[in-house]
Amino acid sequence: MSSYDDDDDGFYGYAVNMTAFDDDAVVFRSSLTHDYAFGPLGPYTMDNFDTHQTICVWIMKVMGTLSMLASYFIIRDIVIRYYRRERIRLTSKVIFELSIGDFFGSFFSAVLGTWMVPKESGAYMAAGTTGSCTAQGFLVAIFYGMAITMNAVLATTYYYLVKNEREDGTRTKRSVRLILTVPLLLPLFLSVMPLFNSGYNYTDASVCGVGEFPLGCLAVYELFDGCKRGT
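Sequential numbering from 722 applies to the sequence shown in my numbering.
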């Protein structure tokens, strides 16, 4: 293992020979500047890495905004039908919850993105703190978890309706409440668990999520004194 110091950008890191990667050099960047960059030729990829992250951040913001708009129109349509006292079928109610999860999940992850990431991470446009990073990780987990769970509920509902040749909406109020609420306990439980060990940290994916800090301290323990969070 060898260390080096790049005077141009103040980066300090390590070059490690990894036989599993044909003896190519794998470069780890300190989590106080940029988290990681990997490449067979080492630090020459740093500038490309910065450009790549910048492009990814803006693509995420644009695509996240489009996703929010799509979810908004779905939510708006169902709310309008509700206030018109039209019949709202079960599948529409499931889609309503799915769209809420997607709307806020896209907002907190793709749109806010690195704005909630701690400044010291070195990520592009990072302007947050450890607290905002934890909040982002939790909110993204619970809302995207909600969207994924309700997507599974929607698929199961359609399967049941088609298999049993039943009409959408032939449910009691009690069964509808159970279908719309009980599955949400799973993402709630999973999103709360990382809070107990400070498990929400910057993941080098332009968003905070479940991970250790410093990033990589679990996989490459030789480079760190130990993990401070997320273990």
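Beta carbons: idealized from backbone N, C-alpha and C, even for Gly.
The structure displayed is predicted, hence computed values, not measured ones.
Cβ-Cβ separation, residue j to residue i (assumed contact under 8 Å), whole Å
i, j, result
"Leu911", "Ala862", "7 Å"
"Ile796", "Arg802", "Going by Cβ atoms, the distance from Ile796 to Arg802 rounds to 11 Å, so no, they are not a contact pair."
"Pro915", "Val928", "Between Val928 and Pro915 the Cβ distance is about 14 Å, and since that is not below 8 Å, they are no contact."
"Gly849", "Met781", "Between Met781 and Gly849 the Cβ distance is about 16 Å, and since that is not below 8 Å, they are no contact."
"Met871", "Ser853", "That belief does not hold up - the Cβ atoms of Met871 and Ser853 are roughly 27 Å apart, past 8 Å."
"Phe829", "Leu860", "4 Å"
"Tyr879", "Gly826", "Their Cβ separation, rounded to whole angstroms, is 22 Å, which puts Tyr879 and Gly826 out of contact at 8 Å."
"Leu875", "Val800", "That belief does not hold up - the Cβ atoms of Leu875 and Val800 are roughly 18 Å apart, past 8 Å."
Reduced DSSP secondary structure (H/G/I, E/B, other) of residue i
i, result
"Pro839", "strand"
"Cys948", "coil"
"Gly849", "strand"
Start and end residues, beta strand (DSSP E) containing residue i
i, result
"Cys929", "Cys929 to Val931"
"Asn922", "Tyr921 to Tyr923"
Start-to-end residues for the alpha helix (DSSP H) that takes in residue i
i, result
"Phe829", "Unbroken run through Phe829: none, as it is neither H nor E."
"Leu906", "Leu906 to Val913"
"Arg895", "Lys894 to Thr902"
Exposed unless 16 or more other CB atoms sit within 10 angstroms - verdict on residue i
i, result
"Leu936", "buried"
"Thr902", "exposed"
"Ser792", "buried"
"Leu787", "exposed"
"Val913", "exposed"
"Tyr845", "buried"
"Asp823", "buried"
"Ile776", "exposed"
"Leu811", "buried"
"Phe685", "No answer is possible for residue 685: it lies beyond the span of the chain, which begins at 722 and ends at 952."
"Val783", "exposed"
"Val778", "buried"
"Tyr921", "buried"
Chain B within 8 Å of residue i, Cβ atoms only
i, result
"Met837", "Included in the structure is just one protein chain, with no chain B present."
(message) Going residue by residue through the segment 783-810, where are the continuous beta strand (DSSP E) segments of at least 3 residues, counting only ones entirely within it?
(response) none
(request) Just list the alpha helix (DSSP H) runs in the segment 857-889, keeping only unbroken ones of 4 residues or longer that don't cross its boundaries, in chain order. (result) Entirely contained in the segment 857-889, not one alpha helix (DSSP H) run reaches 4 residues.
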